[in-house]
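Participant:
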Amino acid sequence: MSNILYYSTLLRTGKISSSELTKIYLERIEKLNPKLNAYIKILPEYAIAQAKKCDEILSKEEKVSPLTGVPMALKDNLSVLGLNTTCCSKMLENFKSTFTATAVTKLFDKGAVMLGKTNLDEFAMGSYCNTGIYGPARNPYDLGKSPGGSSGGNASAVSAGIAPYTLGTDTGGSTRQPASYCGIVALKPTYGSVSRYGLLTLASSFDQIAPMTSTVTDCAIVYDAICGHDPEDMMTFKRNYEPTYPKLSGEIKGLRIGISDDFFATSSTETNDSVMKAVDFYVSKGAEIVKVKLPHIKYALPIYYILGCAEISSNFGRFDGIRYGYKTSLPYKDVDDMITKTRTEGLGMDIKRRIMLGIYFLSKQNYKEYFQKASMMRNELIGDFSNAFNTCDLILSPTSPTSAVSLDFTPETIVEKYYADACVAPANLCGLPALALPCGLDKNGMPLGMQLMGPNFSEGTLFNAGYAFERECSPELNPTTGVNYDI
Amino acid sequence: MITREEFDSIAEYALISFSEQESLDMMKDMSEVINFANKVKEAHTDLPTYKSRSISAEELREDIPGECTPVDLLLSNSGGGEDGFFVIKRRGKNE
Chain W
15 MSNILYYSTL LRTGKISSSE LTKIYLERIE KLNPKLNAYI KILPEYAIAQ
65 AKKCDEILSK EEKVSPLTGV PMALKDNLSV LGLNTTCCSK MLENFKSTFT
115 ATAVTKLFDK GAVMLGKTNL DEFAMGSYCN TGIYGPARNP YDLGKSPGGS
165 SGGNASAVSA GIAPYTLGTD TGGSTRQPAS YCGIVALKPT YGSVSRYGLL
215 TLASSFDQIA PMTSTVTDCA IVYDAICGHD PEDMMTFKRN YEPTYPKLSG
265 EIKGLRIGIS DDFFATSSTE TNDSVMKAVD FYVSKGAEIV KVKLPHIKYA
315 LPIYYILGCA EISSNFGRFD GIRYGYKTSL PYKDVDDMIT KTRTEGLGMD
365 IKRRIMLGIY FLSKQNYKEY FQKASMMRNE LIGDFSNAFN TCDLILSPTS
415 PTSAVSLDFT PETIVEKYYA DACVAPANLC GLPALALPCG LDKNGMPLGM
465 QLMGPNFSEG TLFNAGYAFE RECSPELNPT TGVNYDI
Chain A
171 MITREEFDSI AEYALISFSE QESLDMMKDM SEVINFANKV KEAHTDLPTY
221 KSRSISAEEL REDIPGECTP VDLLLSNSGG GEDGFFVIKR RGKNE
């Protein structure tokens with residue numbers, strides 16, 4: 015059931031006001047957030063003021079967006095004018111945004127009510143939501159487990175019922191992996207379909223703002239609201255963005271679903287079995303399974319880390335303590351010394367590692383064999399997917415190799431952590447849309463997720479396939495720390 | 171394996187300093203990642219075989235200059251600035 019439509023119906027028929035609904039959510043957050051740490055900033059006055067405006071609109075207008083009056087939350091790397099946008103980093107702890115992100119403005123224009131800002135890994139770099147300065151977020155299914163990252167706060171909030179929907183950001187799987195860990199839905203849109211203006215950038219050619227919701231229908235509603243060309247983001251495409259929500263039918267007869275063995279090689283048996291049950295479902299409904307080959311997929315992770323680190327090191331040059339952000343309070347002898355001390359004190363070790371690696375890969379002696387090579391390989395991988403989509407409409411894979419890991423999980427090597435991104439990073443590399451949704455539970459009752467990837471601007475196909483599965487096969491999801499959406 | 175000399179040079183470019191233990195840990199991590207990244211060297215890409223679709227100029231925004239952000243807004247996160255400039259105050263050892 016769509017929570018957005020459920021609440022929208024209650025609001026439009028006057029059974030509840032937006033102010034009342036918002037207060038209910040604020041009470042839930044007060045009760046559950048101390049256990050989950052999903053929110054790092056709760057904004058009751060801001061939310062109630064917005065909700066009151068929505069109540070005025072709802073009392074006067076007959077035709078309103080389904081989003082009018084419905085509360086939501088934002089990842090704290092999305093700018094909202096006048097509010098702190100910290101990216102959970104000491105570097106931006108007191109930074110006040112001077113404008114609002116376009117995607118957020120679009121939601122506000124439709125009457126969305128913002129409850130607060132959610133927890134993330136520092137600067138959205140990480141897979142477990144445990145590197146930010148406000149402490150780790152927790153998984154509502156097991157408080158000793160990670161909600162995933164970097165949009166762990168978002169996933170935790172939606173899963174626990176303390177946010178009907180959220181906006182996260184996805185650079186290398188940062189909405190889909192937490193969606194898999196927490197049993198919710200997330201869409202990484204086609205690169206260029208949602209404006210990045212106002213997203214505090216990590217890696218410019220990978221970043222996308224992404225809806226995270228409890229159902230596929232909700233995801234389609236939110237995507238329809240935020241997509242579109244924006245003059246402020248030169249990489250957004252001018253095209254006719256057909257609404258996807260009205261076309262959800264669940265009809266998938268004849269749909270060609272591609273399967274690549276490479277995506278299953280790194281996943282657990284439980285995950286693979288769960289995803290294969292989804293394959294069986296699709297076949298039973300008349301879809302056709304097609305084996306696809308992606309010859310360069312084995313290079314996807316190294317390519318992602320070379321190019322990602324290179325872009326990060328370039329983008330993070332802006333954090334120098336001069337124009338904004340943290341500035342050292344230690345004595346310094348000159349500007350360079352001031353900047354060095356500021357960056358050393360203000361940035362976490364994960365960030366520093368990627369900056370250092372980026373500079374290594376971009377240095378004169380290494381540029382050709384790493385950055386240039388990875389850029390060419392990226393192009394080859396785009397070609398692999400393009401060829402695959404000549405024979406299939408979408409590709410099905412696991413989202414994450416396993417269910418949620420423990421909060422104190424420490425990989426033996428730094429690289430071991432990267433393999434968690436094996437299924438999700440390719441979509442960012444190639445700019446492709448990818449939808450993650452829950453497909454089962456492991457033996458401990460933790461959610462498992464599957465991913466549908468499609469060609470550029472195929473969000474409608476992905477949503478329809480996801481909707482078909484969800485309405486008949488959605489696993490029974492009961493987080494131990496959470497509330498129902500019913501009110 | 172990244173050498174100490176390479177590491178120190180990169181840290182200088184990055185404008186980040188590390189303690190001795192941090193340097194050793196970071197060098198170990200970086201070496202692991204570089205080793206992982208070396209996988210791309212296995213691939214043959216003398217000439218790319220796939221030509222990405224070209225993006226029509228119609229699909230991207232026109233190059234129209236917009237209004238500049240007001241100076242006071244730009245300075246608002248830096249402590250106000252001085253005469254429209256960002257300021258880095260002297261803060262030497264004797265101050």
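Chains as they are written, first to last, in our numbering: chain W, 15 to 501; chain A, 171 to 265.
Every residue, glycine too, gets a C-beta built ideally from N, C-alpha and C.
I want to verify the contact list: residues of chain A whose CB lies under 7 Å from the CB of aspartate 350 of chain W, in sequence order.
Facilitator: Those within 7 Å of aspartate 350 of chain W in chain A are Leu185.
Participant: Return the first residue and the last residue of the beta strand (DSSP E) that arginine 270 of chain W is part of.
Facilitator: 270-273
Participant: Using beta carbons (cut-off 9 Å, strictly below), is glutamate 265 of chain A in contact with chain W?
Facilitator: For glutamate 265 of chain A, the pLDDT reaches just 45, beneath the cut-off of 50, and the residue's location in the model is therefore unreliable, leaving the point undetermined.
Participant: Taking only beta-carbon positions, decide if isoleucine 320 of chain W is within less than 9 Å of chain A.
Facilitator: yes
Participant: How many angstroms separate the CA atom of proline 425 of chain W from the CA atom of serine 343 of chain W?
Facilitator: 35 Å
Participant: Going along chain W in order, which residues have a C-beta closer than 7 Å to the C-beta of serine 193 of chain A?
Facilitator: Contact of serine 193 of chain A with chain W by beta-carbon distance below 7 Å is absent, the smallest such distance being about 10 Å.
Participant: Out of A:Ile186, A:His214, A:Thr173, A:Asp233, which has the shortest C-alpha to C-alpha gap to proline 245 of chain W?
Facilitator: A:Asp233
Participant: Once DSSP output is grouped into helix, strand and coil, what is the label at arginine 261 of chain A?
Facilitator: strand
Participant: According to DSSP, which residues form a beta bridge with glutamine 222 of chain W?
Facilitator: Partner(s): W:Asp184.
Participant: Mind checking whether methionine 363 of chain W and glutamate 192 of chain A have CB atoms under 9 Å apart?
Facilitator: yes
Participant: Which residue marks the beginning of the alpha helix (DSSP H) containing glutamine 64 of chain W, and which one marks its end?
Facilitator: Element bounds for glutamine 64 of chain W: 58-74.
Participant: Starting from the beta carbon of tyrosine 313 of chain W, find every residue of chain A whose beta carbon is closer than 9 Å, and list them in chain order.
Facilitator: Taking a Cβ-Cβ cut-off of 9 Å, the neighbours of tyrosine 313 of chain W in chain A comprise Lys209, Val210, Glu212, Ala213, given in sequence order.
Participant: Kindly say whether glycine 212 of chain W, judged by its beta-carbon, lies nearer than 9 Å to any beta-carbon of chain A.
Facilitator: no
Participant: List the DSSP bridge partners of tyrosine 346 of chain W.
Facilitator: Its beta-bridge partners are A:Arg261.
Participant: Per DSSP, serine 376 of chain W is paired with what?
Facilitator: It is worth fixing the name first, because residue 376 of chain W is leucine in this sequence and not serine. DSSP, once it has assigned bridges, lists no residue as partnering leucine 376 of chain W.
Participant: How would you write the range of the beta strand (DSSP E) that leucine 201 of chain W sits in, first residue to last?
Facilitator: 199-202
Participant: With distances taken between CB atoms, is the gap from proline 161 of chain W to proline 192 of chain W smaller than 9 Å?
Facilitator: yes
Participant: Cβ atoms of leucine 446 of chain W and proline 412 of chain W: under 9 Å apart, would you say?
Facilitator: no
Participant: In the DSSP output, which residue or residues are listed as bridge partners for isoleucine 303 of chain W?
Facilitator: W:Ile271
Participant: Can you find the residues in the same chain that come closer than 6 Å, C-beta to C-beta, to proline 452 of chain W, ignoring five residues on each side of it along the sequence?
Facilitator: Gly197, Pro461, Gly463, Pro489
Participant: For lysine 198 of chain A, tell me which candidate among W:Ala434, W:Phe483, W:Val429 has the shortest Cα-Cα distance.
Facilitator: W:Val429
Participant: Could you give the residue range of the beta strand (DSSP E) that holds glycine 130 of chain W?
Facilitator: 127-132
Participant: Closest Cβ-Cβ distance between glutamate 190 of chain A and chain W: below 9 Å?
Facilitator: no
Participant: Are lysine 312 of chain W and aspartate 276 of chain W closer than 9 Å when you measure CB to CB?
Facilitator: yes
Participant: Smallest Cα separation from phenylalanine 188 of chain A: which of W:Thr354, W:Lys307, W:Glu70, W:Ile409?
Facilitator: Closest in C-alpha terms to phenylalanine 188 of chain A, from the list W:Thr354, W:Lys307, W:Glu70, W:Ile409, comes W:Thr354.
Participant: Which residues of chain W have a Cβ atom closer than 7 Å to the Cβ of aspartate 199 of chain A, listed in chain order?
Facilitator: Arg367, Ile428
Participant: Tell whether a beta-carbon distance below 9 Å holds between isoleucine 336 of chain W and glycine 372 of chain W.
Facilitator: no
Participant: Please indicate yes or no: does the CB of alanine 207 of chain A lie closer than 8 Å to some heavy atom of the ligand ZN?
Facilitator: Questions concerning the ligand ZN fall outside what the structure shown contains, since it holds no ligand whatsoever.
Participant: Going straight from the alpha carbon of serine 165 of chain W to that of aspartate 135 of chain W, what length do you get?
Facilitator: 7 Å
Participant: Taking the alpha-carbon of serine 274 of chain W as reference, which of W:Thr405, W:Phe385, W:Tyr338 has the nearest alpha-carbon?
Facilitator: W:Thr405
Participant: Just how far apart, CA to CA, sit tyrosine 374 of chain W and serine 16 of chain W?
Facilitator: 47 Å
Participant: Going along the chain, which residues of its own chain have a beta-carbon closer than 8 Å to the beta-carbon of phenylalanine 385 of chain W, five neighbours each way excluded?
Facilitator: Ile320, Leu321, Ala324, Phe375, Leu376
Participant: May I ask which residues mark the beginning and end of the alpha helix (DSSP H) holding glutamine 191 of chain W?
Facilitator: 190-196
Participant: Is the region 205-212 of chain W in contact with the region 165-179 of chain W, if contact means three or more CB pairs nearer than 8 Å?
Facilitator: no
Participant: Could you name the residues that DSSP lists as bridge partners for isoleucine 409 of chain W?
Facilitator: W:Gly272, W:Met467
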